[in-house]
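Visitor: One structure, as structure tokens, below. Some questions next.
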Amino acid sequence: MDFTVFAQQIANGLVNGMAYVLIATGLTLVFGVLRIVNFAHGEFYMLGAYITYFVGTLFGLDYIAAAAISAVVVAGLGVAANKLIFWPLRRDHEFTILLSSLGLALLIANGGELLFGADPKYVESPFADEVLEIGTVTLTQQRVLVFAAAVVALVAVYLFIRYSRFGKMMRATAQNPDGAALTGINIGLVHTYTFALACGLAALSGALVGPTVMIFPTIGNWAVLKGFIVVIMGGLGSVTGALFAGLLLGVIESLGGGYISLGFMEAIGYAMIIAVLLWRPNGLFSTARGLR
Amino acid sequence: MNTTSHGHSLGQPLAIAGGIAALAVLPFLAGNAYLEHLLVLWMLYALLALSLNIVIGYLGELTFGHAAFVGVGAYTSAILSTQLGLPPLLGLPLAGLVAAGFGLVIGYAALRVVGPQFAILTLGFGAILFTITNHWVDLTRGPMGITDIPPMAIGPLAFDSARPTYYLVLALVLATAWLCHALVGSRTGRAFLAVRENAPLAASLGINVFHTKLLGFVAATAIAGIGGAIYAHYIRVITPDIMGVHNVAALIIVVIIGGRGTILGPILGALVYIGLLESLRVAGPLRMVIFAALLTGTVVFLPGGLISLWQRWRNAHKSENNLPATPTGLPSTEGGAK
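One line per chain: the protein sequences are B and F, in this order. Residue numbers -10 to 281, in this note's numbering, belong to the letters of the first sequence in order. Residue numbers 187 to 524, in this note's numbering, belong to the letters of the second sequence in order.
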């Protein structure tokens, strides 16, 4: 029946969209709080998938533990990237920061190719082959896990930003870094936490999506492009915008791929942002300074 | 020392003439076909980098979509010559026109935002063009690419080997360099720099910021398209990879390492890029790691690029001779964007 196909496309789109939201949330946090456009964000997604793979195959740990370890390790790498590049450059022009993050992205992607090899790898997960039927919709358990874990992570991030002490420090920094510093907020610590959170989310996304696709060292390009499109469409710095735009992009790509052409699926998604931006140049949920 | 200000004004045209003469005899010094091929690649990258430099250096906006316009030009001329049998000489201006058309539409949409948003949008547009090229198999033959592209020819003179192609591209590089020089001295060029330095102030002086940026962007994409077409007719095989992220990064690396906002910078950057690319061929994937480190290092430690070393040396040299250390020519009017 036609409706079954339609519902299946929507479900697939929502799952893909949720993965985009996870990637985009980190990007938009780093921009919203620290005013940094991190071109290397996708590489942390790539590292998340690869570390899950290596922890799983080399140490024989199960998938869930491997994913958790990978998120923690990549969060640490994000903090290191901040310490080495973004923190020292914080007073520089955005041009400098954007270019050095591009340099970092190329460094990690090509370093990854050197270390991991260019051949595709497959992340093992016990959920990848099990199927779950919800009404007329059929999804693998892994894809349900992508959606569910993403929802849990996003709710946790929301609560963290809204109610925790560090969340409040992050929001204060987003509104006015100098004012925040004057009230005694340690901006260096906010930098560290924001990068840890953002890169951890990217790694989590990579670890979750990894088992549903082949992974290779250049997937960071893909991830950062999707993340940017979602962030631009939602409005740079807007977490709510990233949520809606990510799900929207996922569903539209899925419907476009199903009903129009699979090959042009991605181009349809990009065409969508152009339509949105001609209408609202700063994105659907554009904000003045601050984190929404 | 006899470097009075009068001598200097005479010295500059002499230096330029000397440089052009040196470039003109280079293929005869190269001695073998491989080095001549590298010279062509150098000039091609110099041409593309000069065009990218209009956007990055003069307009002060970072574009991640430039390789896509190179690809549009390359595919336009390649398709016209292989499928319609059009002579490549006609394809060349058409490639520039089509790329400029794409530049007009994309610039019109993307230049509504500035800074990081613009950079990301151009990345998205580049990705769209790449995806379409990769999947529209009927027109572009998809990932297989277009092969057997005929070489460029002007009447009986065929550009089917490295040496004639080198002179063709050299002529275009010199023309583009002259164009950039004339631009910077002109009213339009000063508007470019005013927009780069302070867009709201430029707007308050009556400069239409959007139109100024669009003009620069379209000019850059037209030159990129022509460069792409020459590449296609020289290499004679093109695949969608020409539009890929790899090429985007390469062009940005050339402009930044050489020195953005200058004319000699992109040419020097292209020499360094091609030189390192070939001499490190054995290093494989490590090459891009080295380039990435060079890019980050240049951005952080030498924002003006390699060319700024020469300017620094010249200024230091002048003050030694008790001459006023005026920021002659390059730094004052074309100095790299801060």
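For glycine and all other residues, C-beta sits at the position ideal for the given N, C-alpha and C.
(1) If I'm right that Phe282 (chain F) touches Gly259 (chain F) with Cβ under 8 Å, what's the distance once you round it to whole angstroms?
(2) Between which two residues does the beta strand (DSSP E) containing Ile340 (chain F) stretch?
(3) By Cβ distance below 8 Å, which residues in the same chain neighbour Ile176 (chain B) in space, the five residues on each side in sequence not counted?
(4) Per the contact definition of three or more C-beta pairs closer than 8 Å, is the region 404 to 419 of chain F in contact with the region 263 to 280 of chain F?
(5) Give the straight-line distance between the Cα atoms of His30 (chain B) and Pro471 (chain F), rounded to the nearest whole angstrom.
(6) What number of angstroms, rounded off, separates the C-alpha of Ala260 (chain B) from the C-alpha of Phe149 (chain B)?
(7) Verify whether the separation of the beta carbon atoms of Thr129 (chain B) and Val140 (chain B) is less than 7 Å.
(8) Where does the unbroken beta strand (DSSP E) through Leu343 (chain F) begin, and where does it stop?
(9) What residues of chain A sit near Phe253 (chain B), judged by a beta carbon separation below 9 Å?
(10) Apart from the five residues just before and just after Gln(-2) (chain B), which ones in its own chain have a Cβ nearer than 6 Å to its Cβ?
(11) What beta strand (DSSP E) runs, 3 residues minimum, are completely inside the region 107 to 171 of chain B?
(12) Would you call the region 40 to 52 of chain B in contact with the region 107 to 114 of chain B, where contact means no fewer than 3 C-beta pairs closer than 8 Å?
(13) Would you say Tyr9 (chain B) lies against chain F (beta-carbon separation less than 7 Å)?
(14) The alpha helix (DSSP H) that contains Thr374 (chain F), what's its start and end?
(15) Using a Cβ-Cβ distance cut-off of 7 Å, determine whether Val0 (chain B) contacts chain F.
(16) Counting pairs of Cβ atoms below 8 Å between the region 219 to 235 of chain B and the region 57 to 71 of chain B, do you hit three or more?
(17) Express the C-alpha separation of Thr14 (chain B) and Val4 (chain B) in angstroms, rounding to a whole number.
(18) Restricting to Cα atoms, I'd like to know which of F:Trp228, F:Met474, F:Ala201 and F:Ile340 is closest to Pro213 (chain F).
(19) Looking at the structure shown, is Ile40 (chain B) part of a helix, part of a strand, or coil, going by DSSP?
(20) Quick one: using the 10 Å Cβ neighbour count with 16 as the cut-off for buried, is Glu122 (chain B) buried or exposed?
(21) Is Val68 (chain B) closer than 7 Å to Ala185 (chain B) when the C-beta atoms are compared?
(22) Straight-line CA distance for Pro199 (chain F) to Leu272 (chain F)?
(23) Determine, using beta-carbon pairs with one atom in the region 341 to 354 of chain F and one in the region 457 to 466 of chain F, whether at least three such pairs fall under 8 Å.
(24) Which residue or residues does DSSP assign as beta-bridge partners of Ile204 (chain B)?
(25) Just the Cα atoms here: how many angstroms apart are Leu190 (chain B) and Val144 (chain B)?
(26) Within the same chain, show all residues whose beta-carbon is closer than 6 Å to that of Arg281 (chain B), passing over the 5 residues directly before and after it, in chain order.
(27) Can you pull the chain F neighbours of Ala260 (chain B), defined as C-beta to C-beta under 7 Å?
(28) Expressed to the nearest angstrom, what Euclidean distance is found between the alpha-carbon atoms of Ser89 (chain B) and Ala(-4) (chain B)?
(29) Am I right that Gly239 (chain B) and Gly2 (chain B) are in contact with their C-beta atoms under 8 Å? What's the rounded C-beta distance?
(30) Grab me the residues of Phe176 (chain F)'s own chain with a C-beta within less than 6 Å of its C-beta, minus the 5 sequence neighbours each way, in chain order.
(31) Is it buried or exposed for Gln303 (chain F), if we count other Cβ within 10 angstroms and need 16 for buried?
(32) Name the residues in the region 127 to 154 of chain B whose C-beta lies less than 8 Å from a C-beta of chain F; which are they?
(33) Using beta carbons (cut-off 7 Å, strictly below), is Ala435 (chain F) in contact with chain B?
(34) Just tell me which of B:Glu255, B:Leu266, B:Gly92 and B:Gly235 has its CA closest to the CA of Met7 (chain B).
(35) Taking C-alpha atoms, which residue in F:Val468, F:Ala313 and F:Lys399 lies nearest to Pro426 (chain F)?
(36) Against Val26 (chain B), what residues of chain F qualify as contacts under a CB-to-CB distance less than 9 Å, listed in chain order?
Guide: Looking at the coordinates:
(1) It is Gly, not Phe, that sits at residue 282 (chain F) in the sequence shown. Cβ atoms of Gly282 (chain F) and Gly259 (chain F) come within 8 Å of each other, at about 7 Å.
(2) Met338 to Ile340
(3) Thr162, Pro166, Ala169 and Ala170
(4) At 8 Å Cβ cutoff, the stretches touch.
(5) Rounded to whole angstroms, His30 (chain B) and Pro471 (chain F) show a C-alpha spacing of 21 Å.
(6) 34 Å
(7) no
(8) DSSP places Leu343 (chain F) inside the beta strand (DSSP E), whose first and last residues are Leu343 to Phe345.
(9) The structure shown contains no chain A; its protein chains are B and F.
(10) Ser243, Leu244 and Gly247
(11) Correct list: 120 to 123 and 126 to 129.
(12) yes
(13) Chain F has no Cβ within less than 7 Å of the Cβ of Tyr9 (chain B).
(14) Arg373 to Glu383
(15) Correcting the residue type first, residue 0 (chain B) is Ala in the shown sequence and not Val. By this cut-off, Ala0 (chain B) is not an interface position.
(16) Segments in contact, no.
(17) 15 Å
(18) F:Trp228
(19) helix
(20) exposed
(21) yes
(22) 40 Å
(23) no
(24) Per DSSP, the beta-bridge partners of Ile204 (chain B) are B:Lys110.
(25) 12 Å
(26) Reliability of the predicted coordinates at Arg281 (chain B) is poor, the pLDDT of 49 falling under 50, and the value obtained from them is presented with this limitation in mind. Cβ neighbours of Arg281 (chain B) beyond the five flanking positions: Ser227 and Thr229.
(27) Ile314
(28) 43 Å
(29) The C-beta distance from Gly239 (chain B) to Gly2 (chain B) rounds to 4 Å, short enough to meet the 8 Å contact threshold.
(30) Outside the displayed range of chain F (187 to 524) lies residue 176 (chain F), so it cannot be described from this structure.
(31) buried
(32) Residues passing the 8 Å Cβ filter: none.
(33) yes
(34) B:Gly235
(35) F:Ala313
(36) Gly301, Pro302, Gln303, Ala305 and Ile306
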